[in-house]
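Line by line, the protein sequences give chains R and S.
Note that numbering that gives the first Met the number 0 numbers the first sequence so that position 78 is 77, with each residue one more than the last.
Note that numbering that gives the first Met the number 0 numbers the second sequence so that position 75 is 74, with each residue one more than the last.
Backbone N, C-alpha and C fix where the C-beta goes; we use that ideal spot for every residue, glycine too.
Below is one structure, written out as structure tokens; the observations come after it.
Protein chains: 2
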Amino acid sequence: MAIDKSLLTGSATMLILKLLDETNMYGYQMIEELRKKSNNTFELKAGTLYPLLHTLEQKNMLTSYEETADNARVRKYYSITKFGRKHLKEKKEEWKAYTAAVNGVLGGASFATA
Amino acid sequence: MAIDKSLLTGSATMLILKLLDETNMYGYQMIEELRKKSNNTFELKAGTLYPLLHTLEQKNMLTSYEETADNARVRKYYSITKFGRKHLKEKKEEWKAYTAAVNGVLGGASFATA
DNA sequence: CCTCCATATGTAGGTGATCTATATACTATA
DNA sequence: TATAGTATATAGATCACCTACATATGGAGG
Chain R
0 MAIDKSLLTG SATMLILKLL DETNMYGYQM IEELRKKSNN TFELKAGTLY PLLHTLEQKN
60 MLTSYEETAD NARVRKYYSI TKFGRKHLKE KKEEWKAYTA AVNGVLGGAS FATA
Chain S
0 MAIDKSLLTG SATMLILKLL DETNMYGYQM IEELRKKSNN TFELKAGTLY PLLHTLEQKN
60 MLTSYEETAD NARVRKYYSI TKFGRKHLKE KKEEWKAYTA AVNGVLGGAS FATA
């Protein structure tokens, strides 16, 4: 990962919820999607994702179901819940406020668009 | 702090270096400046700042000197080094790339300006 | 056929940034 | 003279994410 991993903290949950807000997905697919949508910036690790999915399911932000693919391989799909969407919305607002604050320190409003 | 603290990870160093890139400061002053410049979004804790300043000095990104204020109180001022400025530049580029990637996932280029 | 790589999910243990809690000490104000 | 604000500092806890490891299936090439 080109980006210092320590900058990532806290974003993984938001990004996963965002993916699932568009369509149901299985874990491995989320890793691929995040990589594509971020132009190879994000390389979310399997060891990070799966425990996180379990936690989010326990917190009732996601539900899961198994589905057999064409090749008879079983995949575990995740679906976002109403509570998950609410949480996503909050996280997005936090993200906006946070980036605005950082950019404010980094050199005023001009920084973000420079 | 309105913002989930977990979103902060990794930014403290960059923000401190940025403050010192403008003018020399002492620790307590940095906390105040960050709070002001971020419209009360950042409340950097003393217990976070001081160990971080010591670490950055050990890494030769900062140097320090003591100065006595009008009221005879001794303050420890920090000054950014050439190496510190180089590091700041790198961190700023990482920050830009990271926010671009997150915004890319969150809904395309339109998100940041929405 | 068999080996290797990609797909797919999972757990255990470690790292690192930040926090809370605590300590010290001086200054200003009520 | 007590309380709040200024100013610096350390110890221990928390939490997100990582690496390393484990397991199993499917497809491709030798």
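- Under the three-state reduction of DSSP output, residue 72 (chain R) falls in the coil class, being neither helix nor strand.
- For residue 103 (chain R), the residues of chain S that pass the 9 Å Cβ criterion are 36, 37, 38, 40, in the order they occur in the chain.
- Among the residues of chain R, those whose CB is under 7 Å from the CB of residue 98 (chain S) are 98, following chain order.
- The residue among R:58, R:106, R:73 with its C-alpha nearest the C-alpha of residue 12 (chain R) is R:58.
- Here residue 66 (chain R) has 74, 76 as same chain residues with Cβ atoms under 6 Å from its own Cβ, once five neighbours each way along the sequence are excluded.
- Look at the stretch 8-53 of chain S and you find these whole runs of alpha helix (DSSP H), each 4 residues long or longer: 10-21, 26-36.
- Taking a beta-carbon distance threshold of 7 Å, residue 14 (chain S) counts as an interface residue toward chain R.
- Here residue 61 (chain S) is actually not in contact with residue 26 (chain S); their C-beta atoms are around 11 Å apart, not less than 8 Å.
- Distance from the CA atom of residue 81 (chain S) to the CA atom of residue 49 (chain S), rounded to whole angstroms, is 21 Å.
- By the neighbour-count definition (other C-beta atoms within 10 Å, threshold 16), residue 46 (chain S) is an exposed residue.
- Across the structure, residue 40 (chain S) and residue 96 (chain S) are spaced so that their CA atoms are roughly 22 Å apart.
- Judged by DSSP in its simplified three-state form, residue 98 (chain R) adopts helix.
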